[in-house]
Every structure is written in C-alpha cells, then in structure tokens.
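> Chains as they are written, first to last, in the working numbering: chain Y, 178 to 583; chain L, 178 to 583.
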C-alpha cells in the first residue's frame with residue numbers, strides 16, 4: 178500500500194486527491210493549514226460583498242469524505258526530509274512514498290513588507306473580508322464627514338497592480354459605487370468615488386493580448402476607474418500612496434501587485450525561479466527525486482512554451498489530476514507520461530460586474546460544493562459593460578473569448 | 178420638521194425607523210456602531226456553520242434606503258446631553274427633538290472579564306465566527322492527536338449558561354457531532370464528543386415553563402449533551418472550566434450566562450435595574466424627559482407583569498413601532514397611549530437542529546432582506562428530536578406552542 182502525501186488543498190491538491198480516491202493499493206493524506214478549499218477566482222467577489230465566504234469556501238474534509246482511503250489533516254507543513262521521505266508538520270510527521278507539493282503562492286511586497294498593513298492583498302477569506310470592511314468603512318466615513326476634502330480622501334480607492342485581480346477589484350468597486358450603493362447615502366454621491374488602478378509596467382493585464390488589455394482599460398474608464406500605467410509605487414502608509422513625487426490620499430488601498438511561491442519550495446534544494454517557484458521536469462517531478470511532484474502555482478513548468486505556465490486554476494487542476502494518474506500508472510507497472518497543458522481559453526465575461534456577481538452566485542449554487550464543473554474555467558472579469566449576459570440562469574450564458582495568455 | 182434620533186439598529190430601532198419613514202413633518206437619523214442589522218435569534222446558527230453571516234446580517238442603510246427622510250450614520254454614541262437635547266457620538270453631534278435609545282445588551286462575566294478571552298459570548302457576527310472557528314479547530318486537533326486523553330479533552334465542549342442561547346448552542350453542537358461531521362474524520366468518532374451544559378440555577382430555561390425545561394433537558398441528553406444544574410462556574414482558563422472542586426478540561430468553552438444593558442443608559446441619570454436596563458414609564462419614556470424613549474433589551478418595562486418584559490425580538494419590535502406611532506400622534510396633536518405587549522407565544526421548534534438549520538436558511542431566503550415576516554417570532558430551538566417538521570419548504574411547517582415566558 179503506497180502512501181501519497183499531498184500538501185495543499187487548492188485546485189491542484191484537491192484534484193490529485195480525487196483521482197486517487199477509493200483506488201486500490203494507495204492511501205492518501207492531504208495536509209492543509211486551513212480547513213477549507215477556496216474557489217480563488219471569485220475571491221474578489223467576497224471582497225466586494227457580492228458573495229459570502231461560504232459560497233466559495235468548502236471544507237476539504239467534506240469534499241473528500243466519500244473517499245475512505247483519504248485522510249485530511251489540518252496542520253502546517255514546515256519541512257520535507259527528502260532522504261527519509263518524511264513531511265514534517267507542526268504537530269505530526271508523515272512518511273510518504275509519493276509527495277505532491279501544491280502550496281500555491283502568497284503576495285509579495287517586494288521587500289516592503291511594512292506596506293501589507295496599509296494595503297492588504299487578496300489570497301484568503303480573512304483578507305477578502307478585511308478589504309470589504311475597509312471599502313465599506315470608507316463610504317461610511319465619507320457619509321459622516323461634512324468636509325469635502327475629507328470626503329474626497331475617503332472616497333479615493335487605490336488598487337496597486339494591473340493584473341487580473343487588480344482589474345477585477347477596480348471594476349467591482351466601480352460597479353459598487355455606480356450601482357449597488359447609489360440610493361443608500363444622503364450626504365455623499367457614491368458615483369463620485371475615485372478609483373485609481375496603478376500598474377508599474379507599461380500596460381495592464383500583461384498576460385493577456387494587447388487588444389484585450391486596451392479593451393479592459395477602456396471599460397474600466399467608463400466605470401470611472403482611472404488607469405495609470407508605468408507608475409511604480411514608491412511608498413504606502415495609512416493615509417495614502419506615493420508614486421514618485423506624486424501623493425495620492427486614499428480611503429482604502431488594495432494590493433494586487435505581485436506573488437511569491439510558498440517558502441517550503443526553497444527547503445527542497447531544487448532549482449527555483451525568480452519568484453520562488455520550483456522548476457519541475459516534464460512529468461512535474463523535481464530533479465533527483467522522482468517521488469516528489471510539484472503542481473499548481475508553486476510549480477515552474479517551462480517545457481511547452483517560451484514562458485512558464487501561468488498561475489491559473491485550470492493549470493493547477495490539470496497538473497493535480499495528471500500527477501495522480503502518473504502515480505497510479507507507476508504503481509500498476511506502467512511508464513510515466515509527460516504533462517501537456519490543454520488550454521481551453523480564458524473566460525472574459527463581458528458583463529457588468531454587478532450582474533456577474535449574481536451569475537457567479539447562481540453558477541456556484543448550481544455546481545454545488547465540489548465545484549468541479551466550474552473549476553476548469555478561470556474567470557477573468559474585465560468589468561466591461563457591453564454584455565450579452567443578463568438573466569441569471571447558469572453556465573449556458575457564457576461565451577468563451579479566445580484570449581489565451583501569452 | 179421634528180428630528181428623531183434613533184440609537185441602535187436592532188429590532189427596536191429599525192422598526193421605529195420604518196414607521197417614521199417617508200412621513201411628513203419628521204426626519205430621522207439612525208446611528209449604529211455597526212453597518213448591519215443582525216437577526217440575532219439565529220446567530221447561534223452562524224456559530225455552528227449552518228448559516229453564513231450574510232444570511233442574518235443586512236446593511237441598515239440598505240433596509241432604510243427607500244425612506245428619503247432617514248439618514249443612517251455608522252458611529253458610536255458616547256453621551257447624551259439631556260438639557261441641550263444633543264447626542265454626542267465619536268465623530269459628530271446631533272440635536273434631537275425626540276430620542277429613541279435602543280442599544281441592546283452585551284454579555285457580562287459577573288466581574289470576571291478575564292474569562293471572555295477563553296469563553297466568548299454570542300452577540301455579534303465576529304463572536305459567532307470565532308466560536309465556529311474554535312469548535313471546528315477542536316475537532317481538527319482531536320483528529321491530529323494520537324493520544325486518547327488529548328482527544329477526549331479536545332472533544333469536550335463546555336457551554337456556560339442554560340438560557341435559550343446556551344440550550345441552542347449545546348443542541349447544535351450535539352447535532353453537528355452526531356450528524357454533520359460523522360463521515361468526515363478518520364481518527365476520531367465525532368459522536369463521542371462530550372457536550373456539557375452548565376447552569377448555575379436549579380434548572381435550564383428559567384424563563385420558560387418547567388414542563389418545557391424538563392422536555393428540553395431530556396432532548397438534549399438524547400443528543401449526548403450532559404446538563405448540569407446548580408453548578409456555578411468558579412474559574413475559566415485556556416484549558417478548561419472550574420466548578421467548585423471539579424475541573425473540566427475542554428476543547429472549547431462558550432459563554433451564554435448573563436447580559437448587561439449598554440452603558441449609555443447609566444449616563445442618562447434615570448433609574449436602572451440590577452443589569453443596567455433603564456426603567457421606563459408606561460409610554461416607554463424616561464422620568465422627567467418625555468422626549469427620550471428607551472426600547473428593546475435596554476428597557477426595563479414593569480407595568481404589565483410581575484417581572485420585566487424579557488429581552489426578546491418581538492418585545493423590541495413592538496416597542497420600536499409603538500414609540501414611533503406615539504411620536505407621530507404627538508406631532509399631529511393627539512395624546513400618547515401606554516404600551517401593551519401582545520404576546521404571540523414563543524416558538525419552540527420541535528425539530529432536530531440540523532433540519533432546523535435548513536429550514537432557517539430557507540425561511541430567511543423566503544422572507545428576504547427586510548425579514549419582516551419573521552422578525553415577529555422569537556425562535557427558541559429546544560433541539561428536540563420528536564419532530565413533525567422534515568422537508569424544508571418554509572414557514573407553513575410550524576406550529577406555535579403556547580409556552581409564554583413567566
């Protein structure tokens with residue numbers, strides 16, 4: 178009986194576990210710091226109060242309960258002993274025959290970790306509800322204040338980082354102030370909120386085609402979002418953001434600017450790239466250790482394209498399943514195969530974010546706790562208003578635009 | 178144009194505001210520390226992960242958005258200047274012609290405020306999610322631990338206080354361990370969880386009839402809940418509870434033992450009772466200040482019964498509406514009338530708590546954000562298993578048992 182240890186209950190880890198579930202000659206232990214799987218593509222909707230945490234977070238042990246050969250442990254893995262094949266967690270040590278690392282990424286502040294307090298990132302439920310609190314509190318503070326200058330400051334929202342998360346957040350705040358909140362206040366007009374999306378590079382959505390990026394920028398501007406490219410942030414404090422000589426006073430600052438792989442990767446001694454992802458072989462194993470695999474955002478896979486595969490849910494999901502199938506093949510005496518990513522295209526939902534949130538809520542409810550129907554699609558919301566998608570009845574309403582990442 | 182200031186957006190404050198909404202010759206400002214109204218009778222369901230916070234918390238300004246004469250402010254009221262008729266909040270001062278105080282109650286630890294850290298109460302969303310975290314974490318810790326003695330400690334849940342909240346919590350943990358979690362663990366049997374409900378007085382549910390209390394105790398014991406009466410707690414720390422010479426090691430300790438009225442009442446200089454509630458006249462105003470009213474849990478109303486009206490949602494709701502109608506009558510030149518509580522009976526839902534949670538979720542969804550259809554019913558869940566209520570289709574399934582509080 179081979180023991181497979183999976184570290185991380187995201188898209189990669191969970192899907193690896195499902196393939197191994199109830200199979201003969203193998204038992205599985207999945208370890209995660211948290212007790213829930215998170216449908217991260219919709220996390221910004223929780224931050225914008227359009228979804229509840231429970232709509233995108235499902236207990237891992239509930240998802241895997243039907244697989245009697247899988248044990249779920251909530252614990253934090255702190256080291257891997259490659260020679261003795263042991264995973265060391267805070268409260269227990271596990272021996273493995275196969276190890277799948279799928280620990281994901283977290284935000285990085287590029288050496289300015291003190292900025293985190295003033296500009297939270299968006300990777301966990303706690304961060305999402307904190308962002309929600311800050312944005313709503315800013316509207317409340319503006320309503321209370323009689324002074325136009327203070328109101329202007331409270332109603333200025335700065336989002337740092339023009340990738341998909343930053344674009345989604347900016348679009349969602351734009352929708353919230355233009356639609357959701359319009360009738361709720363007496364002393365302020367929420368439509369006057371200033372939403373400023375700051376990107377250090379020359380354009381937003383660098384992993385999308387230029388055409389898509391231009392379209393998204395135009396759509397954001399229609400929602401009152403100011404897009405500033407080539408604007409590296411040089412300082413952040415409790416009151417605002419510094420961009421070179423310019424000072425932006427803000428009611429809330431949100432961080433969506435960069436990620437770094439989980440630190441566990443460095444302890445493996447394997448090669449890592451600039452953001453700490455582990456460079457993997459064609460079968461997703463690491464050098465000299467065919468029994469150790471890395472999947473999802475934590476892996477740097479450079480065998481099929483000029484640039485590494487992007488950190489998207491479909492990549493993680495396919496890698497998790499692929500590793501599990503290779504392990505089953507090997508146990509059955511067959512050879513391993515190399516991984517190929519099947520790019521089904523990224524979904525760019527052309528719809529007002531408010532409508533999309535309704536849609537999203539329905540879609541999740543329709544698909545249920547396993548989320549399997551949807552987890553193969555990465556939802557990138559460009560917050561455009563030229564929508565073909567209005568009533569909320571589920572998946573059928575979507576058209577997939579062929580915007581593959583570079 | 179008379180200005181009515183309402184402090185508190187609970188059942189009393191919110192219903193007073195609704196009656197005054199869009200009426201001539203009156204404008205209203207409702208002030209609350211928080212931005213949401215809370216459907217408190219179901220808060221324990223959030224603590225037990227059966228409901229999401231958003232299912233029982235609705236933004237106050239959203240509920241009142243359609244009343245153009247009502248302004249909602251999120252701020253904390255710290256004083257009342259009765260002579261100059263001013264309410265002093267942290268960030269603003271409001272002049273009033275009429276003042277309605279409806280600030281509710283909070284938990285009290287009877288002089289042992291240091292116990293709060295180890296045994297959180299259940300009055301806010303934050304407390305509910307913290308209790309949820311502690312209970313689920315205890316099951317996780319037990320699953321990780323190999324030692325039977327530690328497992329036993331982790332799986333011991335102590336609830337202090339045998340009123341409705343304590344009974345509901347104990348019943349819900351019993352249901353959770355007997356039903357919801359049974360298949361999810363591998364190293365522990367959640368059914369073996371020890372749930373201990375501790376009451377200082379001679380019986381649980383002192384505000385209910387003796388017959389009801391005996392029935393509830395029997396039902397709780399069927400769910401594996403040990404009920405201990407006449408057991409005053411003498412100490413609480415991070416590891417457990419002391420009851421005289423006896424020590425109970427526990428994985429989570431929950432507090433449901435006593436309440437105290439909001440401190441603002443004492444600043445009015447009016448007569449207060451033992452738990453700080455303001456003694457009100459027959460029209461719910463305070464002595465020498467007919468323009469100041471108190472409603473809901475914060476009021477001590479002793480005109481109709483030997484004991485004060487209990488702190489229940491229907492009492493608060495009726496008082497809030499009553500005060501608003503009296504104010505409108507007075508503005509129109511008519512006389513005030515005295516308050517009479519119409520006791521519609523307390524709802525004792527005879528159903529397994531797990532089923533009830535489904536019901537509750539449905540019922541709330543059916544009734545929508547205003548919750549008006551349900552807010553007139555106080556839901557007391559006796560966690561009995563002799564249910565006549567199985568499928569989840571809404572309000573029609575309920576029978577109201579005539580258990581009026583003493």
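Using N, Cα and C, we set each Cβ at its ideal position, and we do this for glycine too.
1) Unbroken beta strand (DSSP E) runs of length 3 or more, entirely within the region 417-444 of chain L: which are they?
2) Can you list, in chain order, the residues of the region 240-254 of chain L whose Cβ is nearer than 7 Å to any Cβ on chain Y?
3) For a minimum of 4 consecutive residues, which ranges assigned as the alpha helix (DSSP H) are wholly contained in the region 195-266 of chain L?
4) Quick test of the definition: if touching needs 3 or more C-beta pairs under 8 Å, does the region 491-501 of chain L touch the region 187-194 of chain L?
5) Hey, quick one: how far does the beta strand (DSSP E) through residue 470/Y stretch, first residue to last?
6) Nearest by alpha-carbon distance to residue 295/L: which of 436/L, 416/L and 435/L is it?
7) Note down the Cα distance separating residue 370/L from residue 354/L, rounded to an integer number of angstroms.
8) Return the residues of the region 286-315 of chain Y that lie within a Cβ-Cβ distance of less than 7 Å from chain L, sorted by chain order.
9) Give me the residue from 219/Y, 226/Y, 305/Y and 452/Y with the minimum Cα distance to residue 233/Y.
10) How big is the Cα-Cα spacing for residue 250/L and residue 462/L?
11) Pull up the CB-CB distance for residue 333/L and residue 376/L, whole angstroms please, since I reckon it's below 8 Å.
12) Using the beta-carbon of each residue, which ones in chain L are nearer than 8 Å to residue 256/Y?
13) Between the Cα of residue 356/Y and those of 363/Y, 367/Y, 347/Y and 346/Y, spot the shortest distance and give me the residue it belongs to.
14) If you pair each beta-carbon of the region 326-345 of chain Y with each one of the region 371-390 of chain Y, do three or more pairs fall below 8 Å?
15) What are the boundary residues of the beta strand (DSSP E) that includes residue 276/L?
16) Among 361/L, 194/L and 271/L, which residue has its Cα nearest to the Cα of residue 243/L?
17) Please state the DSSP three-state secondary structure of residue 347/Y.
18) Tell me which residue opens and which closes the alpha helix (DSSP H) that residue 499/L is part of.
19) So that I know if they touch, is there some Cβ in chain Y lying closer than 8 Å to that of residue 460/L?
20) Residues of chain Y with a CB under 7 Å from the CB of residue 360/L: which are they?
21) Specify the secondary structure class of residue 587/Y as computed by DSSP and reduced to three states.
22) Whole angstroms are fine: how far does the CA of residue 381/Y sit from the CA of residue 237/L?
23) What did DSSP end up calling residue 476/L once you bin it into helix, strand or coil?
24) I'd like the span of the alpha helix (DSSP H) that includes residue 310/L, first residue to last.
25) Measure from the C-beta of residue 321/L to each C-beta in chain Y and report whether the shortest distance is under 8 Å.
26) With DSSP collapsed to three states, give me the class of residue 411/L.
27) If you draw a straight line from the C-alpha of residue 456/L to the C-alpha of residue 229/Y, how long is it?
28) Establish whether the CB of residue 383/L and some CB of chain Y are separated by less than 8 Å.
29) Cβ of residue 178/L within 8 Å of Cβ of residue 349/L?
30) Return no unless some Cβ of chain L is closer than 8 Å to the Cβ of residue 269/Y.
31) Using alpha carbons as the reference points, say which of 247/Y, 246/Y, 268/Y and 260/Y lies closest to residue 254/Y.
32) Beta-carbon separation of residue 299/L and residue 429/L under 8 Å?
33) Mind reading off the beta-carbon distance from residue 397/Y to residue 344/Y? Whole number of angstroms is fine, and I expect it under 8 Å.
34) Cα separation between residue 527/Y and residue 310/L?
35) Can you name the residues of chain L whose CB is closer than 7 Å to the CB of residue 212/Y?
36) Under 8 Å, CB to CB, which of the residues in the region 348-378 of chain L have a partner in chain Y?
Inspection of the coordinates gives the following:
1) 417-420, 423-426, 429-432 and 436-438
2) 242, 248, 250, 251 and 252
3) 220-224, 230-233 and 237-240
4) yes
5) Locating residue 470/Y in the first chain gives position 293, where the first residue counts as 1. Where residue 470/Y is concerned, the enclosing beta strand (DSSP E) stretches over 466-471.
6) The residue you call residue 295/L lines up with position 118 of the second chain. With distances taken between Cα atoms, residue 295/L lies closest to 416/L.
7) As a working mapping, residue 370/L is identified with position 193 in the second chain. As a working mapping, residue 354/L is identified with position 177 in the second chain. Each residue's Cα considered, the two are about 7 Å apart.
8) 313
9) Taking the first chain and counting its residues from 1, one reaches residue 233/Y at position 56. It is 219/Y whose Cα lies nearest to the Cα of residue 233/Y.
10) Counted from its first residue, the second chain places residue 250/L at position 73. Counted from its first residue, the second chain places residue 462/L at position 285. Distance between the alpha carbons of residue 250/L and residue 462/L: 24 Å.
11) If you number the second chain from 1, residue 333/L lands on position 156. If you number the second chain from 1, residue 376/L lands on position 199. Contact flag wrong, Cβ pair sits at about 17 Å.
12) Stepping through the first chain from its first residue, residue 256/Y is reached at position 79. Those within 8 Å of residue 256/Y in chain L number zero; the least Cβ separation is about 17 Å.
13) Numbered from its first residue, the first chain carries residue 356/Y at position 179. It is 367/Y.
14) yes
15) Taking the second chain and counting its residues from 1, one reaches residue 276/L at position 99. Start and end: 275-278.
16) Translated into positions along the second chain, residue 243/L becomes position 66. Nearest C-alpha to residue 243/L: 194/L.
17) One-based indexing of the first chain puts residue 347/Y at position 170. Correct three-state label for residue 347/Y: helix.
18) On the second chain, position 322 is the one that residue 499/L refers to. Where residue 499/L is concerned, the enclosing alpha helix (DSSP H) stretches over 490-508.
19) In the second chain, counting from the first residue as 1, residue 460/L sits at position 283. For residue 460/L, the answer is no, since every Cβ of chain Y falls outside 8 Å of its Cβ.
20) By 1-based counting over the second chain, the position of residue 360/L is 183. By Cβ distance, chain Y contributes 242.
21) Limits of chain Y in this structure are 178 at one end and 583 at the other, which puts residue 587/Y out of reach.
22) Sequence index remark: in the second chain, residue 237/L carries index 60 (1-based). Sequence index remark: in the first chain, residue 381/Y carries index 204 (1-based). If you take the alpha carbons of residue 237/L and residue 381/Y, they lie about 37 Å apart.
23) Stepping through the second chain from its first residue, residue 476/L is reached at position 299. Three-state result, residue 476/L: strand.
24) Within the second chain, numbered from 1, the residue matching residue 310/L stands at position 133. From DSSP, the alpha helix (DSSP H) with residue 310/L extends over 302-321.
25) To locate residue 321/L, count along the second chain from 1; it is residue 144. Yes, contact with chain Y.
26) Position 234 of the second chain, counted from the start, is the residue given in the question as residue 411/L. DSSP places residue 411/L in coil when its eight states are reduced to three.
27) As a working note, residue 456/L is residue 279 in the second chain. As a working note, residue 229/Y is residue 52 in the first chain. Their backbone Cα atoms lie some 40 Å apart in a straight line.
28) Taking the first residue of the second chain as 1, we reach residue 383/L at position 206. Not an interface residue.
29) Taking the first residue of the second chain as position 1, residue 178/L is located at position 1. Taking the first residue of the second chain as position 1, residue 349/L is located at position 172. No; because the gap between Cβ atoms is not below 8 Å, this pair is not in contact.
30) Walking along the first chain from the start, residue 269/Y turns up at place 92. Taking Cβ atoms only, chain L reaches closer than 8 Å to residue 269/Y, which makes this a yes.
31) What you label residue 254/Y is simply residue 77 of the first chain in a count that begins at 1. The candidate whose alpha carbon is nearest that of residue 254/Y is 268/Y.
32) Residue mapping note: residue 299/L aligns to position 122 of the second chain, counting from 1. Residue mapping note: residue 429/L aligns to position 252 of the second chain, counting from 1. It is not a contact, given that the beta carbons lie outside the stated cut-off.
33) Along the first chain, one-based indexing puts residue 397/Y at 220. Along the first chain, one-based indexing puts residue 344/Y at 167. Indeed they touch by this definition, with Cβ atoms about 7 Å apart.
34) One-based indexing of the first chain puts residue 527/Y at position 350. One-based indexing of the second chain puts residue 310/L at position 133. The pLDDT assigned to residue 527/Y is 30, lower than 50, so where the model puts this residue is not dependable, and the model offers no usable value.
35) Sequence index remark: in the first chain, residue 212/Y carries index 35 (1-based). Those are 313 and 317, listed as they occur along chain L.
36) 360, 361, 362, 363 and 364
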